[in-house]
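Q: Last residue of the sequence shown: 57 in my numbering, with the numbers rising by one and none dropped.
There's a structure below that I have some questions on.
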Amino acid sequence: FKRRLIEATLHQMRGNRTHTARALGLQRTYLLRLIRELGVAAPPPPGPRRTGAAG
3 FKRRLIEATL
13 HQMRGNRTHT
23 ARALGLQRTY
33 LLRLIRELGV
43 AAPPPPGPRR
53 TGAAG
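Structure representation (structure tokens):
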């Protein structure tokens, strides 16, 4: 149950672990520990945002 809840919330928050922790009412460090212990497949953190056109 915990694993599915964390995975679903991570997906909703687009992989942002800080926002996921807040949404679940957890401290970020505790969420990270749960992710490790439960083997949650956390999406990689988003890369830098691109604004405007290149070049």
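Note that CB positions come from ideal geometry on N, CA and C, so glycine has one too.
State the DSSP-derived secondary structure class of Q58, mapped to helix, strand or coil.
A: Beyond the ends of the chain as shown, which are 3 and 57, falls residue 58; an answer cannot be given.
Q: Since A25 is in the alpha helix (DSSP H), which residue starts that stretch and which ends it?
A: Your numbering for residue 25 matches position 23 in the sequence shown. From DSSP, the alpha helix (DSSP H) with A25 extends over 19–26.
Q: Give a yes or no on whether the C-beta atoms belonging to R30 and R19 are separated by under 8 Å.
A: Reading the sequence shown from its first residue, position 28 is the one you call residue 30. Reading the sequence shown from its first residue, position 17 is the one you call residue 19. Yes, the pair counts as a contact, with Cβ atoms nearer than the cut-off.
Q: Considering only residues of the same chain and omitting the five flanking positions on each side of M15, which have a CB-CB separation below 8 Å?
A: Sequence index remark: in the sequence shown, residue 15 carries index 13 (1-based). Hits under 8 Å: H21, T22, A25.
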